[in-house]
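Undergrad:
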Amino acid sequence: MTAFKPIFEKVEIDFRFKEFIFHSGINELDEFFYEYSSKFIKNGYSQINILRNPETPDIMGFFSLSSSTIRWEESLRIEKITRYVPGILLGMFAIDKRFRRKKFGSDLIKKVINIALKFSNEVGCRCIFVDSLIKSETINFYLNMGFRFVDIPLGKTILKKLENNEKIVRKTIKMYFDLYKIQRYYTILNFPK
Amino acid sequence: MIFLKTEDKLQKIKFEDIEEPEDFYVISDNDDLVLTSKEAVELLMDELESVEYDAELAEFYSKFDNEIDDRTSE
Numbered sequence: 000m001t002a003f004k005p006i007f008e009k010v011e012i013d014f015r016f017k018e019f020i021f022h023s024g025i026n027e028l029d030e031f032f033y034e035y036s037s038k039f040i041k042n043g044y045s046q047i048n049i050l051r052n053p054e055t056p057d058i059m060g061f062f063s064l065s066s067s068t069i070r071w072e073e074s075l076r077i078e079k080i081t082r083y084v085p086g087i088l089l090g091m092f093a094i095d096k097r098f099r100r101k102k103f104g105s106d107l108i109k110k111v112i113n114i115a116l117k118f119s120n121e122v123g124c125r126c127i128f129v130d131s132l133i134k135s136e137t138i139n140f141y142l143n144m145g146f147r148f149v150d151i152p153l154g155k156t157i158l159k160k161l162e163n164n165e166k167i168v169r170k171t172i173k174m175y176f177d178l179y180k181i182q183r184y185y186t187i188l189n190f191p192k
Numbered sequence: 000m001i002f003l004k005t006e007d008k009l010q011k012i013k014f015e016d017i018e019e020p021e022d023f024y025v026i027s028d029n030d031d032l033v034l035t036s037k038e039a040v041e042l043l044m045d046e047l048e049s050v051e052y053d054a055e056l057a058e059f060y061s062k063f064d065n066e067i068d069d070r071t072s073e
């Protein structure tokens, strides 16, 4: 394969998806990319970023971002100044089969965090949320990238079951990245309870 | 891959440049966006309210400047 310097590109509304080549091998993601991405952008449901070869139609990976929140049932009577934690949902994320295991996925995650940091300067946005597949390799990857479990008791249970090779019914678990971990200004302040 | 014990994993959380998973993809949904357990909410909010600046993690992410190296030939 000829050497090239990949570039990030935010997909605009007139992007011609079908003129590009992307195959993640996951039908739902490939279908989303080719059939639904433009509709999500047009309707303002998601914004899409791609990593691509600037000289060919090859796309190495893409992700979609939407606003989201983690909240809790009112019946729990939790006394906090907020009733939800605002953030960004990493909705869809995939690497083309030809470009796996080359750390382009890490680059895409860094890009997600880069975008979220900028966004959080203008709009309340504390975290990035993502659904991790329940596989040791995948969960370890996110933990090492600074993500944590949204539901900590559930996360501990899942980790123990993975260690013991026990059957796990669910396929994914929600994780979050706290942007304050990498924003010095905010973390020196005292948090209001 | 070294398999850390559950508590070690949750305590350690020390960034390192690990290998990406083979089936590295995300299809997120709305599940688990509403917590139903008081314990889960309190633990999450405790984490958020006691978060500390992580210089190592910040340095890792600050190195990212949208420049991607060509690794296709590796």
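So the sequences go chain by chain: C and W.
Position 10 (the first sequence) corresponds to 9 in numbering that gives the first Met the number 0; numbering is contiguous.
Position 5 (the second sequence) corresponds to 4 in numbering that gives the first Met the number 0; numbering is contiguous.
C-beta: ideal position from N, C-alpha, C; glycine also.
1. Just to confirm my understanding: we take Ile138/C, look at its own chain, exclude 5 residues before and 5 after, and list those with CB closer than 6 Å. What are they?
2. Let me confirm a value: Val129/C is counted as buried when at least 16 other C-beta atoms fall within 10 Å, else exposed. Which label applies?
3. Give the list of continuous beta strand (DSSP E) stretches no shorter than 3 residues that lie fully inside the segment 11 to 63 of chain W.
4. Taking its Cβ as the centre, do 16 or more other Cβ atoms sit within 10 Å of Tyr60/W, making it buried, or is it exposed?
5. Report back the beta-carbon spacing between Leu32/W and Ile69/C to the nearest angstrom; my notes put them in contact at under 8 Å.
6. Consult DSSP for Phe176/C and reduce its assignment to one of helix, strand or coil.
7. From Pro191/C to Tyr83/C, what does the alpha carbon distance come to, in whole angstroms?
8. Say whether chain W places a C-beta atom closer than 8 Å to the C-beta of Asn113/C.
9. Alpha carbon to alpha carbon, what distance is there between Ile172/C and Ser36/C?
10. For a cutoff of 8 Å on Cβ pairs, would you count Val10/C as touching chain W?
11. Using a Cβ cut-off of 7 Å, pull out every chain W residue sitting near Glu30/C, in sequence order please.
12. Under three-state DSSP, which class holds Phe140/C?
13. So what does Phe85/C bridge to, in DSSP terms?
14. With DSSP as the reference, label Ala2/C as helix, strand or coil.
15. Buried or exposed for Ile12/C, going by 16 or more other Cβ atoms inside 10 Å?
16. Does the distance from the CB of Phe16/C to the CB of Tyr33/C come in under 8 Å?
17. For Gly90/C and Ala2/C, what's the separation of their Cα atoms in angstroms?
18. Which residue from Leu28/C, Phe62/C, Asn26/C and Val10/C puts its Cα closest to that of Lys41/C?
19. Rounded to a whole number of angstroms, what is the C-alpha to C-alpha distance between Arg99/C and Ala39/W?
20. Mind pulling the alpha helix (DSSP H) runs of 4 or more residues that sit fully within the segment 0 to 62 of chain C?
21. Determine, for Met0/W, whether the minimum Cβ-Cβ distance to residues of chain C falls below 8 Å.
22. Indicate the three-state DSSP secondary structure (helix, strand or coil) for Gly106/C in the structure shown.
23. What do you reckon, are the CB atoms on Ser63/C and Phe39/C nearer than 8 Å?
24. Can you tell me which of the three DSSP states Ile167/C falls into?
25. Alpha carbon to alpha carbon, what distance is there between Met59/C and Arg97/C?
26. For the beta strand (DSSP E) containing Lys132/C, name the first residue and the last one.
27. Can you look up Phe148/C in the DSSP assignment and give me helix, strand or coil?
28. Do you know how far the Cα of Glu136/C is from the Cα of Asn164/C?
TA: On the basis of the data shown:
1. Ser131
2. buried
3. 24 to 26
4. buried
5. 6 Å
6. strand
7. Caution applies to Pro191/C, whose pLDDT of 41 falls short of 50 and renders its modelled position unreliable; the value that the coordinates give is listed next. Going from the Cα of Pro191/C to the Cα of Tyr83/C covers about 15 Å.
8. yes
9. 24 Å
10. no
11. None at all; the shortest Cβ gap to chain W is about 11 Å.
12. helix
13. Note on residue identity: the sequence assigns Pro, not Phe, to residue 85/C. According to DSSP, Pro85/C bridges with Thr68/C.
14. coil
15. exposed
16. yes
17. 30 Å
18. Taking only the C-alpha atoms, the option nearest Lys41/C is Val10/C.
19. 35 Å
20. 26 to 30 and 36 to 41
21. With a pLDDT of 42 at Met0/W, under the threshold of 50, the modelled position of that residue is not reliable, and no figure is offered here.
22. The question names Gly, yet the displayed sequence has Asp at residue 106/C. In the structure shown, Asp106/C sits in a helix (DSSP, three-state: H, G or I).
23. yes
24. Coil.
25. 8 Å
26. Correcting the residue identity first, residue 132/C is Leu in this sequence and not Lys. Per DSSP, Leu132/C belongs to the beta strand (DSSP E) from Cys126 to Leu132.
27. The DSSP-derived three-state label of Phe148/C is strand.
28. 14 Å
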